[in-house]
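J.:
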Amino acid sequence: MYGWGTRRLVAWARSHTISSELASRVEEVRVSGVFDPDFYAQRYPEVVGVGKGLLDHYVRFGIWENRDPGPLFSCAHYLNQVGEETSMPAILDFVLCGDAAGRSPNWLFDTTWYRQRHIRDDGRRHTALFHYLAEYRKNHLWTHPLFDSSWFAERYAPVIPRRTSPLAFYLSAEDTSRLMPNPLFDADWYLRHYAIESDEPLRHYMEYGERMGLAPHPFVSGELLSILAEEH
Amino acid sequence: MRIFFTSVARNYLPKVRVLAASLKEQHPDVHFCVALVDDPSGTVVVSGDVIDEILGPDDFGKSDFAAWIFGHTLVEACTAVKPTVAELLLARDGVETVTYLDPDIEVFGRFDALFDAHEEHAIVLTPHQVRSEAERLWAVGNERSSLRHGTYNLGFFSVADTDAARAFLSWWAERMLEYCLDDIGGGLFTDQKWIDLAPALFDDVYILRDPGYNVATWNLAARRIGRDHLGRLTAEGSGLVFVHFSGFDSGAHHQELARHRTNNPVFVELSEAYAEKTLPVAAGEDDGAWSFGEFADGTPIPLSARRRWRLDPEMARRFDDPFASGPQTFQALVSGRGSTGVSPPAGLRQSGLARLLHDPSARQLGLAPGYELDALMREANRDLSPINGSDALAWPTVAKQLRGYLDPRLPTVAHLTLLGGGTGKHVDDLIAVTVGDINGLRVAHTLHEGNAYIEIRAPRVVGSPVVMIPLEHAQGAVLAALQALGVSFVHVHHRFGLESVLREIVRAFAGAYVITLHDYAFIAPEPHLSGADGRWVGEIGPGTWSVLQALGAERYHGIGAARMTSHDEWHEVLLGARAVIAPSRDCAERYRRSVPELDPLIEPHWETGHRIDRSDPLRPRRPLGTDQVASDPVRVIIGGSFCLWKGQQVVVDVARLADHFQIEMEFFVLANRPEGEQVWPRNIRFLGPYDETNLGQLVALAAPTVAWFPSQALETYCYALSELLRLRRPVVASDLGALTERLTPIDGCRLVPHDADERSWLRHLISASAEADLAFDAAPVEGVPFYPQGYLELVHAANIVSLTAHCEPEDADIERANEPVPWRWFGAERAVVRLGGHSHRLAVLDAISAEGTESETEIAVLSVESPEHYVVPDRQYWDALSRADADVTCILWYGNEHSEYFMVADPGLAIIGPRQCVIDSPTSIVPYAMVKYLWRNSMNGLRDVIEAFPHPERIVVFGTPPPKSESALRSGWAFEPLLGDLITSLGYTVESAPVGNQHMRVAAWDALQECLQETAEAAGAQFLAIPEGVQDPDGLLLPEYCAPDATHANATYGRLVVQALHALVRAHAV
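Taken in sequence, the protein lines are chains Z and B.
Here the working numbering is used: the first residue of the first sequence is 21, the next is one more, and so on.
Here the working numbering is used: the first residue of the second sequence is -3, the next is one more, and so on.
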């Protein structure tokens, strides 16, 4: 069932005294689709041309050096939630226990929310982020209460590259001020209307805007949302 | 006594012992003290130890220590307390010097050079480097590091008992309270970077360049460590005093050491020995955990939480104890944990937007579930977003939606206005003060994605949609939208940018519009737009205000002809208004001069801060009097915006003059510094733009002694004047426009000719500044305020006239309408049940009139003389009902709310109610909660009526008849001339008018029944639902119970009501 590459990896892992459990998690990361070679090459230009390719570099070294495999997994974001020193590489910690503990791999992926909403309990173990990567084309998914992946995919279909997930596209955009993460957050209007300077309007809204009663959309009253938030 | 101290958490105590022991070896007589930034209980034993004293958090003298330390990491906290502790120690009697040493220091020699230095100097510092680096490698590594982290290493500092040292510590401690941050990018590196300023700010700072002090990896390249002939350690030939093993645990020390290994072998030996000395102790004592590093439940505090706590003052206000765990704590907020402790969707818990999009409980409240809302929004977005095309003609649909949010029983008033400024404030205030009496709509220019629109919104109706009409479609469309919205009255505040649109609107609303004068634009043209014959030839564009205002002020000559002859059309608009409201006598007078027939109402604007309260928080804390002038600087606050026609040049000239004479004066401007290259006088301060929310703060910042309005053009009212009068400091103002009449009655204010020279203005400002606070008690507005009562009467009167214009009522009808209605009882004289209510009472009245009542339960209905005639209940009606003697009082409250809103409606409009139903491709969805919200005014009325009864528990509110089928409706319209006329006036025929789909109408009726039940029960009354069996499976009223009109039930239905009441009374009797 495993290919040659995997057998070699497992052998390598054993020779480096990592457990087979860990080796299978490495494999899970490898095949999950979380690795984005373009992102990796751009973020770490020094590794381009080294060894047997970028994915190989990531699996052999990048994981252990806490390098980000792509826009969907931020080691810094993840480690910030761990809140204690861990000797485990961030992404392996995430796959081993962080996902189950509800830690998020990036700021727009709410693991607990996603699991409750989209993953049926079929007795198997699912890593929420990897589930998303496998399913985003087939089902209507929200990765976060404020990111409607399917709606986003439909709206920005002409500009999202074929192999890129909507969330990865949103997270890797240098400037999200023209992108609507859900139908009720009009980023461009939000920035202009309140004269806000930010490349990340959604983040601004989540951190400050909603608390200040700002409206996310010309048709949605910020006042109403404050009432809804308070009522909760 | 000489004191040495260090500052640590418990995990560094092993190192501290090495430090203390090595120090005591050289100086057995010094006092060694540890500032422990940690829980001091337990582990530390002082007696018989090299540590003489331990100071804990309680000794630091910081109020609210927990809140303070929560905002800091361990390193930040340990460094931030250094100056505070040094201050405390220095204050002790008999202390000569206080010296700080980092806990990771080991002492190898005596501090004699330091003590010698203190003979002459108060403050002693050691730099990271005392010699420039010879090699480029070290220059990059070490010198640049010093530039980033600070010139002086704060692993060591020393102060002697002098005033200079105390001043230095006091300054440093104050900075550390707020700015002890590891934020190199932001120019801060904990406590250390600040000390770069010390030699500049304080006298008596001595830089100790002895290479034996503070040897560390950052200066090792320039300090060769060796031994002299007696085996004593040296640094560059000087005696080695102490080594700073910085970064020992993080590995940085060893990394650096590797680079120096070959040329500094002795140092390597010292390092290895230090590692050995600290290890065994560490095994016994270092328990690792910082007591301020965790929340109460043991969860480590993430850095992001600390930063948020520190950066958001709101947090400290909301949470008393940042370390607390559990629901409703700061931890719950930052970790996204709910009260259950299970990690729930964080975003959803905190976000109203997320709730609107997903939350099932929001759905239970009746808000649209995500997907329907998506459909609605996607539709709307398609219209507004350039991504999906630029077809922006969705406004008719949105206008229909917006109308659904307005109360149909109130007149709807459209305010044509500008956004912002005094005009915008006036409109917003007016809409706010008339809520509940008027549906106020704001119609104004706006920009969206760079395109211009006319925006129509109901600012006080929560969640209501906004109609956006592209400017290029405004002609015709704005009027059509106002009509579609049911606007019955227009209030013109401004010419609105598009004069042709305004003309169109006022023609359509002839007799039903008023104008408030906020400027002179209706009478003052621009000279360059006057044609050869002196007549008006164009439209007003932006940037011409000053000219307009100046024209109004009659300061320009030679264009009188243009002023007098142009704008005849505007004169007609002015004269055609139901009323023209001028906010000041001056404004009214100037208009009268141009349009002699005009007779404006003179009514000052309504203001939230209308009355001046003596306890007003805006007042300066300290009243100023004449005796204080000599010592107090003159602080002038400039009222209003900062532009040429508000006297910008005058301010600049006067400020320059004050500066020239070296008069201690400051001028505070409530605006941003204007862009451009102009050099502004240095005594002008720009406080930034103001609005109602921040004005208090800005004014408090300025703490002015005098307010100044050097306006060069007319003010029609001037809100800024009201705001600054609240300061109760004297006002100096131009003798122009409304300023004159508003300030003349107030003693202590000065009116100065608007063209006075700088010296004259300066003299007035200085002398006004020295005067006592203003002493006037009443509001600056005379008489009874016009708003809101007088204004409402104006709107209602115009409304009645416009609605009845076609009927031309006889005088006798009007008189009759004013007579009291002769209410009387029908039915049993000794009634046990007495029934009253709106029009649905007639079905019951018909039933008891036809058949009488059953003997055991006497029923009477309160109505007018002719039972077939319906009159709306008035106050006397409800009084009579509440006073009547009855066991049970039954109220049939209104009950046509759903018909008013949803009888004539887009069939695609849908409400998802409690009933199962199938809706084919709805065009838009009205949230169920919003429908219930619509009935709130009606329900408030019911509540007031019930509360007026002496025994609410004896009241039964009866359900109202359900809606009818479409065919029954259409025949009902034909039967009722009033409804038929209404439908015709909307541009439909009885046959063609769109009927709201039955599911929606039934859902609206369901919502109404729910509201009736909730209101009745909340007020202590009972609710009785309609009789069973009167509805078809869809919920519509069966034909056999329908009266011939569109909304009411017949006597057969009335009989069922009577039977239900009998049953109730019988049950009650049992």
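Just so you know, even glycine gets a beta-carbon here, dropped at the ideal spot from N, CA and C.
1. Could you check what DSSP says for B/L412 in three-state terms: helix, strand or coil?
2. Using a Cβ-Cβ cut-off of 7 angstroms (strictly less than) and excluding sequence neighbours within five positions of B/P1086, which residues of its own chain qualify?
3. Quick check: what's the CA-CA separation for B/Y148 versus B/E170?
4. Unbroken alpha helix (DSSP H) runs of length 4 or more, entirely within the stretch 48 to 116 of chain Z: which are they?
5. Within 8 angstroms, do at least three Cβ pairs link the stretch 630 to 643 of chain B to the stretch 697 to 709 of chain B?
6. Whole-angstrom Cβ separation of B/E767 and B/P726, contact assumed at under 8 angstroms?
7. With a Cβ-Cβ cutoff of 8 angstroms, do B/H1064 and B/L838 count as a contact?
8. So, for B/W168: in the same chain, excluding its five sequence neighbours on each side, which residues have a beta-carbon less than 6 angstroms away from its beta-carbon?
9. Expressed to the nearest angstrom, what Euclidean distance is found between the alpha-carbon atoms of B/V488 and B/Q1055?
10. Determine the burial state of Z/G53: buried for a count of at least 16 other Cβ atoms within 10 Å of its Cβ, exposed for fewer.
11. Find out if the Cβ-Cβ distance for the pair B/L834, B/W874 is shorter than 8 angstroms.
12. Using DSSP with H/G/I as helix, E/B as strand and the rest coil, what is B/D977?
13. List the endpoints of the continuous beta strand (DSSP E) containing B/C74.
14. Using C-beta distances below 8 angstroms, list every residue in its chain close to B/V647, excluding the 5 sequence neighbours before and after it, in chain order.
15. Return helix, strand or coil for B/F244, following the three-state DSSP convention.
16. CA-CA distance, B/L415 and B/V462?
17. Please report how far the alpha carbon of B/T413 lies from the alpha carbon of B/G420, in whole angstroms.
18. Does B/P592 have its Cβ less than 8 angstroms from a Cβ in chain Z?
19. How would you label B/V14, buried or exposed, when you count the other beta carbons within 10 angstroms and need 16 or more for buried?
20. Going straight from the alpha carbon of Z/T163 to that of Z/W127, what length do you get?
21. Less than 8 angstroms between CB atoms is the rule here; does Z/E85 satisfy it with respect to chain B?
22. CA-CA distance, B/Q1077 and B/V1061?
23. What does a CB cutoff of less than 6 angstroms around B/F107 pick up in its chain, not counting 5 residues either side in sequence?
24. Can you tell me which of the three DSSP states B/N149 falls into?
25. Under 8 angstroms between the Cβ atoms of B/A846 and B/G823?
26. I need the boundaries of the beta strand (DSSP E) containing Z/H164, first residue and last residue.
27. Along chain Z, in chain order, which residues have C-beta atoms closer than 9 angstroms to that of B/P298?
28. By Cβ distance below 8 angstroms, which residues in the same chain neighbour B/L1004 in space, the five residues on each side in sequence not counted?
29. Mind pulling the chain B residues with CB within less than 9 angstroms of Z/P181?
30. With H, G and I counted as helix, E and B as strand and the rest as coil, what does DSSP make of B/M899?
31. Closer than 8 angstroms, CB to CB, is Z/P236 near chain B or not?
32. Could you tell me the alpha carbon to alpha carbon distance between B/G530 and B/L594, rounded to whole angstroms?
33. Check the DSSP bridge columns for Z/W209 and list the partner residues they point to.
34. Quick check on the burial criterion: 16 or more other C-beta atoms within 10 angstroms. Buried or exposed for B/L193?
T.: Looking at the coordinates:
1. strand
2. The structure shown does not extend to residue 1086 of chain B, since chain B is modelled only from -3 to 1066, so the question has no answer here.
3. 19 angstroms
4. 57 to 63, 74 to 77, 95 to 102 and 110 to 113
5. yes
6. 5 angstroms
7. no
8. P79
9. 55 angstroms
10. buried
11. First, the residue type needs correcting, since residue 834 of chain B is His and not Leu in the sequence shown. Cβ distance not < 8 angstroms, so B/H834 and B/W874 don't count as in contact.
12. helix
13. Counting along the chain, B/C74 falls outside any beta strand (DSSP E), though it belongs to the alpha helix (DSSP H) covering L70 to A76.
14. I634, F638, F663, V665, I680, W704 and P706
15. coil
16. 15 angstroms
17. 7 angstroms
18. no
19. buried
20. 10 angstroms
21. no
22. The structure shown has nothing for residue 1077 of chain B, since chain B only spans -3 to 1066.
23. none
24. strand
25. no
26. W162 to H164
27. N100, Q101, V102 and G103
28. G891, E893, H894, W931 and T956
29. Ordered by position in chain B, no residue passes the 9 angstroms Cβ test against Z/P181, which lies about 17 angstroms from the chain.
30. coil
31. yes
32. Below a pLDDT of 50, predicted positions are generally treated as unreliable, and B/G530, at 41, falls in that range; the measurement from the model is reported next regardless. Whole-angstrom Cα-Cα distance: 23 angstroms.
33. In the DSSP output, where bridge partners are listed per residue, Z/W209 has none listed.
34. exposed
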